[in-house]
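Q: This structure is in structure tokens; I'll ask about it shortly.
Numbering (this note's numbering), first residue to last: 27 to 335.
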């Protein structure tokens, strides 16, 4: 059995990752075999650990950290796989220890840590799409969901607050009560799609964000396209009703919610710079371009059921 690189951020999830490591380490040695453990406290260190592991012949990495650690890992692996398209890709898995754990919901990783380790041990590599975001001369990759509009303001408020199970919902409601939706101009695959005020435009590879909101319940991580969800401007009572519907995915029936699929999404903030987030990371931009990168990441995913008797 080949070695596995473990990327551990002990400070993730308010120190929960470090505390869990004492319990995780013997389980991982038992179920995954030989480990190379890289303890990281800064995103810049992650890319260095990935490059060193790849040069040493390791082809599997498992992260134990929060959104920031996972986002940096995805970007490092996407860059690595792009530079070596003909070489065996480094396969990526994660153990969910943060507060949101939305990607874990998408690919059905158990939240109980012993069950998650067992899940990783039986998981198989699966080519997985990722999103590429370009803005202001910068390029970022995201695995799960990126969005523009009120979500950027919510992310700012959430990151400034203590992380609790109800933090995402609380900060979303407080933002909705004061937020003025910007005017967005949106093109899908080169065609005009929408222009007007909107609370949020979501570009989704995964199904769930913001601690369990099923914003794109029909999204597939390997279909070569994004699921696009737009929530138009509406009254405060109606937007609060729509918010409640997001938790079970029924918001897609709301008359002020538009859905589509596309390989490329271009957004322009007509009334100014747009707040945005990608996999929980915050930024701002006036003109944004999203492009799907089919199969660029090889993800540890649930093994398919065996056929036959």
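Glycine included, C-beta positions come from ideal geometry on N, C-alpha and C.
What residue range does the alpha helix (DSSP H) around residue 146 cover?
A: Looking at the DSSP string, the run of the alpha helix (DSSP H) that includes residue 146 is 139-148.
Q: Quick check: is the beta carbon of residue 323 nearer than 9 Å to any beta carbon in chain B?
A: In the displayed structure, chain B is absent; only one protein chain is listed.
Q: Under 9 Å, do residue 257 and residue 224 count as touching if we go by C-beta distance?
A: Contact flag set, yes.
Q: Grouping DSSP H, G and I as helix and E and B as strand, with all else coil, what is residue 187?
A: Three-state result, residue 187: coil.
Q: Checking 9 Å against the spacing of the C-beta atoms, do residue 54 and residue 30 come in under that value?
A: Yes, the Cβ-Cβ distance between residue 54 and residue 30 is below 9 Å.
Q: Using only alpha-carbon positions, find the residue among 306, 286, 308 and 312 that is nearest to residue 296.
A: It is 312.
Q: Among residues of its own chain, excluding the 5 on either side of residue 166, which ones have a beta-carbon nearer than 7 Å to its beta-carbon?
A: Contacts found: 101, 159 and 304.
Q: Are three or more beta carbon pairs between the stretch 269-285 and the stretch 240-257 nearer than 8 Å?
A: Judged by Cβ distances under 8 Å, the stretch 269-285 makes contact with the stretch 240-257, as three or more pairs qualify.
Q: What's the C-alpha gap between residue 67 and residue 282?
A: So the alpha carbons of these two residues sit roughly 43 Å apart.
Q: Would you list the one or two residues that DSSP bridges to residue 194?
A: Answer by DSSP bridge pairing: none, since residue 194 is not bridged.
Q: Helix, strand or coil for residue 110 per DSSP?
A: It is coil, neither helix nor strand.
Q: So residue 171 is in the beta strand (DSSP E); what residue range does that whole segment cover?
A: 171-175 is the span of the beta strand (DSSP E), which, as asked, contains residue 171.
Q: Leaving aside the five residues before and after residue 38 along the sequence, list all residues of the same chain whose C-beta is less than 7 Å from its C-beta, in chain order.
A: Cβ neighbours of residue 38 beyond the five flanking positions: 91, 92, 95, 123 and 124.
Q: Is the distance from the Cβ of residue 169 to the Cβ of residue 323 below 9 Å?
A: In contact: residue 169 and residue 323 (Cβ atoms closer than 9 Å).
Q: Terminal residues of the continuous beta strand (DSSP E) containing residue 63?
A: Start and end: 61-65.
Q: Out of curiosity, what's the CA-to-CA distance linking residue 233 and residue 121?
A: Rounded to whole angstroms, residue 233 to residue 121 spans 18 Å at the Cα level.
Q: Am I right that residue 229 and residue 306 are in contact with their C-beta atoms under 8 Å? What's the rounded C-beta distance?
A: Not quite, the Cβ-Cβ distance comes to about 14 Å (not below 8 Å), so this is no contact.
Q: Assuming contact is defined by CB atoms lying nearer than 9 Å, are residue 173 and residue 252 in contact in what I supplied?
A: Not a contact, by the Cβ cut-off of 9 Å.
Q: Go to residue 52, then tell me how far its alpha helix (DSSP H) extends in each direction, as first and last residue.
A: 42-58 is the span of the alpha helix (DSSP H), which, as asked, contains residue 52.
Q: In terms of residues, what are the limits of the alpha helix (DSSP H) holding residue 78?
A: Counting along the chain, the alpha helix (DSSP H) containing residue 78 begins and ends at 69-81.
Q: Quick one: is residue 218 buried, meaning 16 or more other Cβ sit within 10 Å of its Cβ, or exposed?
A: Exposed: under 16 other Cβ atoms inside 10 Å.
Q: Less than 9 Å between the C-beta atoms of residue 88 and residue 146, yes or no?
A: Contact flag set, yes.
Q: Since residue 36 contacts residue 65 with CB under 8 Å, what's their CB separation in whole angstroms?
A: Right, the Cβ-Cβ distance comes to about 6 Å (below 8 Å), so this counts as a contact.
Q: In or out: residue 98 buried (at least 16 other Cβ within 10 Å) or exposed?
A: Flag for residue 98 reads buried.
Q: What span of residues does the alpha helix (DSSP H) with residue 272 cover, start to end?
A: Run containing residue 272: 262-272, per the alpha helix (DSSP H) assignment.
Q: Helix, strand or coil for residue 202? Go by DSSP, reduced to three states.
A: Helix, per DSSP.
Q: I need the straight-line Cα distance from residue 215 to residue 69, nearest angstrom please.
A: Distance between the alpha carbons of residue 215 and residue 69 is about 33 Å.
Q: Short of 6 Å in beta carbon distance, which residues of its chain neighbour residue 180, apart from the five on each side in sequence? Order them along the chain.
A: So the list reads 197, 198 and 201, once near-sequence residues are dropped.
Q: With distances taken between CB atoms, is the gap from residue 211 to residue 220 smaller than 9 Å?
A: For residue 211 and residue 220, yes; Cβs fall inside 9 Å.
Q: Excluding sequence positions up to five away, which residues of its chain have a Cβ less than 6 Å from the Cβ of residue 316?
A: If we look at residue 316 and ignore the five residues flanking it on each side, its Cβ neighbours are 157, 159, 229 and 291.
Q: Kindly give me the distance between the Cβ atoms of residue 177 and residue 226, rounded to whole angstroms, as I take these residues to be in contact under 8 Å.
A: Their Cβ separation, rounded to whole angstroms, is 5 Å, which keeps residue 177 and residue 226 in contact under 8 Å.
Q: Restricting to Cα atoms, I'd like to know which of 272, 231, 267 and 57 is closest to residue 319.
A: For residue 319, the nearest C-alpha among the options comes from 231.
Q: Does DSSP put residue 179 in a helix, a strand or coil?
A: Helix at residue 179.
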